[in-house]
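Going from the sequence shown to the numbering used here is simple: count from 1 and add 90.
Take a look at the structure below.
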Amino acid sequence: MGQRRKRRLQTPASAVSYDLVIGAGILESLSSWLDLRGFSQVAVLTDTNVGPLWLEAVERGAGRSLPVWSMRAGEEHKTLVSLEGIWSWMADIGMDRKSLLLNLGGGLVGDVGGFAASCYMRGVAFAQLPTTLLAQVDASVGGKVGINFRGLKNLLGAFQQPCAVGMDIRTFATLPRRAFLAGVAEMLKHGLIRDRAYFEEIAAYEFGALGAKEGEALGELGDVAEQTWVDWIDRSCAIKAAIVEADERESGLRKLLNFGHTVGHALETLSYTADAPLLHGEAVGLGMIVEAEIASIAGFLDEGGVDTLVGTLARVGLPTRLGFLLDDGALWSAMRADKKNVRGAMRWTLLRSMGEGVFDQRVEDAVVEAALQRIR
Ligand code: GLY
């Protein structure tokens, strides 16, 4: 067992606290950090990609085989239809209010499983076992759960905190390099909104040394790289946890975590229609470029900041230009549906400097149009 970090997140609004446990071999040691004995039943939700790879490790960690539901992998399955299947299975296996649902997978499984658990019998416990970098540093922490609806990302959902989050960095071995790099975009975001030194540290990392080529899974990281990534995941979790602790329900400060997401969510949705699907982190990277450019045109951020961001994303291996033609009408209607907007008026999360985000900013549509040129 390699290095392990443990961090407690406490939410004053829903008055719960839970551990974020990060390290190598976390799944196999499940019952050493999560006490399963108090639950009437423990069951696993996973997907068709992750289950065959990591279910066995979870069952070893639990010390027994567990009931499993494997939903179809892919963002297009973040739907009511998937939820119905999960709820039927939960009822079929007799899950009651004292049961625990373990969500093993990426952001899709965590979001859908968290929402399923939050509604079933008005709420049963769930733990997140995120197997992607992106889900470890973002989706699994902070209790946002939900599904897509009517073509909009996460339109239906809830704030419902898990009882624990276990992040096993060994799962990166089977993670496609592209998906891993998409997670780095969210880590850069944490640095950009709160901690410039953290952004610069990641920006200086030798991503080529990760080994895997495009299209390949990452493979073993090795001890030194494992330590670096455990430290950084913990740092991202620290930034996110502090924000969630201050503003669990996103009435203010938590909007900082949406930097890059107003444009990013819209691009992600449209990329599916254009048949050139972007991963969430890739879309957020492009969204950060546009939103940093908005900040620059609006006079918050100097132009050098946008260049640094674009150069960093390119060095990481993330897209800095759109690979498909944008339908401007569809883009604006997706951006206008953003959950941060109030009475139809758009509210932007921007950067005041590299390391300091600001939220609830109003900008002219023409500024947004001009900023979009940066990625076209
Ligand atoms: N992913 C943004 C948040 O959790 O608030």
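Just so you know, even glycine gets a beta-carbon here, dropped at the ideal spot from N, CA and C.
Keep in mind the model is a prediction, meaning the values are calculated, not measured.
For residue i, which residues of its own chain have a beta-carbon under 6 Å away from its beta-carbon, when the five flanking residues on both sides are left out?
i: Met185; result: Gln131
i: Phe414; result: Ala364 and Ala366
i: Ser386; result: Glu393 and Val396
i: Asp337; result: Leu343 and Arg344
i: Gly233; result: Phe249, Gln250 and Gln251
i: Gln226; result: Pro220, Met257 and Ile323
i: Val111; result: Lys96, Trp123 and Gly256
i: Arg442; result: Phe390 and Val448
i: Asp450; result: Arg437
i: Leu143; result: Thr264
i: Arg162; result: Thr138
i: Asp428; result: Thr352
Tell me, which residues are paired with residue i by DSSP?
i: Leu110; result: Arg97 and Val255
i: Ser443; result: Glu446
i: Leu194; result: Leu219
i: Phe205; result: According to DSSP, Phe205 bridges with nothing at all.
i: Phe239; result: Leu242
i: Lys234; result: Phe249
i: Met161; result: Asp137
i: Ala307; result: Pro266
Compute the beta-carbon to beta-carbon distance between residue i and residue j, rounded to the nearest angstrom, for a pair I have assumed lies under 8 Å.
i: Arg267; j: Ala114; result: Wrong, their Cβ atoms sit about 19 Å apart, outside the cutoff.
i: Thr352; j: Gly377; result: 7 Å
i: Val134; j: Val158; result: 5 Å
i: Gly203; j: Ala229; result: Actually they are not in contact, since the Cβ atoms of Gly203 and Ala229 sit about 11 Å apart, beyond 8 Å.
i: Val448; j: Ile384; result: Their Cβ separation, rounded to whole angstroms, is 11 Å, which puts Val448 and Ile384 out of contact at 8 Å.
i: Ala269; j: Thr222; result: 6 Å
i: Ala263; j: Gly309; result: 6 Å
i: Leu224; j: Ala181; result: That belief does not hold up - the Cβ atoms of Leu224 and Ala181 are roughly 31 Å apart, past 8 Å.
i: Thr410; j: Lys243; result: Contact flag wrong, Cβ pair sits at about 22 Å.
i: Thr371; j: Glu276; result: Contrary to the premise, residue 371 reads as Gly rather than Thr in this sequence. That belief holds up - the Cβ atoms of Gly371 and Glu276 are roughly 6 Å apart, short of 8 Å.
i: Val231; j: Gln93; result: Not a contact, Cβ separation roughly 19 Å.
i: Leu412; j: Arg466; result: 6 Å
i: Leu368; j: Leu357; result: 6 Å
When you measure from the CB of residue i to every non-hydrogen atom of ligand 3, does any distance come out below 8 Å?
i: Lys168; result: This structure does not include ligand 3; its bound ligands are ligand 1.
Here's a check: name, in chain order, each residue in its chain whose Cβ is nearer than 7 Å to the Cβ of residue i, leaving out the five neighbours to either side.
i: Thr402; result: Leu278 and Ala293
i: Tyr288; result: His280, Gly281 and Arg325
i: Leu120; result: Val148, Gly151, Ala152 and Gly256
i: Thr169; result: Ile237 and Asn238
i: Val235; result: Asp201, Gly204, Phe205, Ser208, Gly247, Ala248 and Gln250
i: Leu124; result: Ala217, Ala254 and Gly256
i: Ala467; result: Look at the range of the chain in this structure, 91 to 466, and you will see that residue 467 is not part of it.
i: Val453; result: Ile384, Ala388 and Trp438
i: Gly195; result: Thr136, Asp137, Val140 and Thr221
i: Val374; result: Ala275, Glu276, Lys279, Gly350, His351 and Gly354
i: Glu146; result: none
i: Val406; result: Leu271, Val274 and Phe297
i: Ile333; result: Leu343, Arg344, Leu346 and Leu347
i: Ala404; result: Thr410
Taking 9 Å as the CB-CB cut-off, is residue i touching chain D?
i: Gly241; result: The chain labelled as chain D is not found in the depicted structure, where only one protein chain is given.
Report all residues from its chain with a CB closer than 8 Å to the CB of residue i; omit the five preceding and five following residues, and keep chain order.
i: Trp177; result: Ala206, Cys209 and Tyr210
i: Ser107; result: Arg98, Leu99, Gln100 and Thr101
i: Arg339; result: Ala103 and Phe249
i: Asp285; result: Arg325, Ile329 and Gly445
i: Ser172; result: Met161, Arg162, Val202 and Ile237
i: Ala315; result: Ala299 and Leu300
i: Ala307; result: Ala263, Thr264, Leu265, Pro266 and Arg267
Three or more C-beta pairs below 8 Å linking the stretch 251-258 and the stretch 116-126: yes
Ranges of the alpha helix (DSSP H) found wholly within the stretch 105-159, counting only runs of at least 4: 120-123 and 141-152
Minimum length 3: unbroken beta strand (DSSP E) runs contained in the stretch 369-455: 438-443 and 446-451
Meets three-Cβ-pair contact criterion under 8 Å: the stretch 189-198 and the stretch 213-233: yes
Three CB pairs or more closer than 8 Å across the stretch 346-361 and the stretch 411-425: yes
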